[in-house]
Each structure stands twice: as C-alpha cells, then as structure tokens.
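Enquirer: Can you keep this structure in mind? I'll have questions shortly.
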Amino acid sequence: MAQAQTQTSAPAPALDPRTAVYELRIYYPAPGKLSALNARFREHTLKLFAKHGMHNVAYWNEQPTGEAPEGRVVYVLAYPSRQARDASWKAFGEDPEWRAVAASSEAAGKLVTKVDSVFMTLADYSPRITLPR
Numbered sequence: 001m002a003q004a005q006t007q008t009s010a011p012a013p014a015l016d017p018r019t020a021v022y023e024l025r026i027y028y029p030a031p032g033k034l035s036a037l038n039a040r041f042r043e044h045t046l047k048l049f050a051k052h053g054m055h056n057v058a059y060w061n062e063q064p065t066g067e068a069p070e071g072r073v074v075y076v077l078a079y080p081s082r083q084a085r086d087a088s089w090k091a092f093g094e095d096p097e098w099r100a101v102a103a104s105s106e107a108a109g110k111l112v113t114k115v116d117s118v119f120m121t122l123a124d125y126s127p128r129i130t131l132p133r
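Sequential numbering from 1 applies to the sequence shown in the UniProt record's numbering.
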C-alpha cells in the first residue's frame with residue numbers, strides 16, 4: 001500500500017518508534033458512506049492530522065465481514081506521548097478547516113457510526129519500523 005504524503009505548515013518532529021505512543025483507530029462507516037469516508041481521509045483528514053502534530057503511520061480498508069458488510073477504515077497514528085496525543089486531538093477538533101470539512105462531508109448524514117481506539121507501544125521484539133515525518 002502506498003503511503004500518503006502530506007504537506008504541513010508545521011511538520012511534526014521526528015519520533016523514536018521505540019518510545020512513540022501508537023493509536024489504532026477503527027471507524028465503522030454508516031451504511032453507504034464508506035466511499036465518502038475514504039474520500040474525506042484522502043482529501044482532507046491526513047493533512048489536518050499532520051498539521052496538528054499527528055504522525056500518519058498507515059491506513060487500511062478492512063475486507064467486508066458479516067459484522068461490517070462494507071468493511072471498516074482502520075488506521076494507526078503515532079505521537080510522542082499520550083499528553084501530546086490529547087493536545088493534538090483537541091487542536092484538530094477546534095480547527096476551523098476541520099469543522100468546515102466535517103460539516104460539508106456530513107451534510108447528508110454522519111459518515112461514522114462508531115469509533116474504537118486502542119493505545120499501544122512497540123514490543124521489544126517487534127521488527128524495526130520507520131515512522132513517517
């Protein structure tokens with residue numbers, strides 16, 4: 001899978017992958033909204049995450065299942081700490097650009113019905129990874 005490149009006004013500092021806090025997020029799209037959710041990530045959300053100091057690690061579309069007939073959007077972000085994560089999400093949520101994007105993309109209804117989030121740290125036996133800037 002090709003990694004998305006983002007342009008930011010203030011790039012997040014380099015993270016040490018051994019000490020970073022990772023957040024696995026799973027978005028359950030509203031019926032018929034997976035395409036619109038993917039478009040919002042592709043066209044807006046990744047660059048706004050980067051703008052607010054979040055490191056975009058990787059994004060996936062889950063294969064359809066009985067529980068999620070259209071699949072789900074699964075992604076990983078990285079941060080220097082939980083405190084940095086909280087500050088980044090607060091700034092993201094207050095960003096006028098994000099608020100406009102969210103309002104526009106959800107004019108015909110919510111795109112997401114549920115979000116799961118899991119915080120992780122790298123295990124000492126994990127293969128080496130390189131985090132994007």
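C-beta: ideal position from N, C-alpha, C; glycine also.
1) If you run the structure through DSSP and keep just helix, strand and coil, what is Ser117?
2) Cα-Cα, which of Arg18, Ser88 and Pro31 is closest to Gly71?
3) Return yes when the Cβ of Tyr22 is within less than 8 angstroms of the Cβ of Ala78, no when it is not.
4) Please report how far the alpha carbon of Ser88 lies from the alpha carbon of Ser104, in whole angstroms.
5) Is Pro96 helix, strand or coil by DSSP?
6) Going by DSSP in three states, Glu23 sits in which element: helix, strand or coil?
7) What three-state label does DSSP hand Leu77 in the structure shown?
8) Let's test the definition: count the other Cβ atoms within 10 Å of the Cβ of Val115 and tell me whether it reaches 16, buried, or not, exposed.
Expert: On the basis of the supplied data:
1) Residue mapping note: residue 117 aligns to position 117 of the sequence shown, counting from 1. If DSSP states are grouped into helix, strand and coil, Ser117 belongs with the strands.
2) By 1-based counting over the sequence shown, the position of residue 71 is 71. Selection Arg18, Ser88 and Pro31 evaluated against Gly71 yields Pro31 as nearest (Cα-Cα).
3) Walking along the sequence shown from the start, residue 78 turns up at place 78. Walking along the sequence shown from the start, residue 22 turns up at place 22. A contact, by the Cβ cut-off of 8 angstroms.
4) To locate residue 88, count along the sequence shown from 1; it is residue 88. To locate residue 104, count along the sequence shown from 1; it is residue 104. Approximately 22 angstroms, taken between the alpha carbons.
5) The residue given as residue 96 occupies position 96 in the sequence shown. Helix, per DSSP.
6) Against the sequence shown, residue 23 aligns to sequence position 23. Strand at Glu23.
7) Stepping through the sequence shown from its first residue, residue 77 is reached at position 77. DSSP, reduced to helix, strand and coil, places Leu77 within a strand of the structure shown.
8) Start at 1 with the first residue of the sequence shown, and residue 115 comes out as number 115. With fewer than 16 other Cβ atoms within 10 Å, it is exposed.
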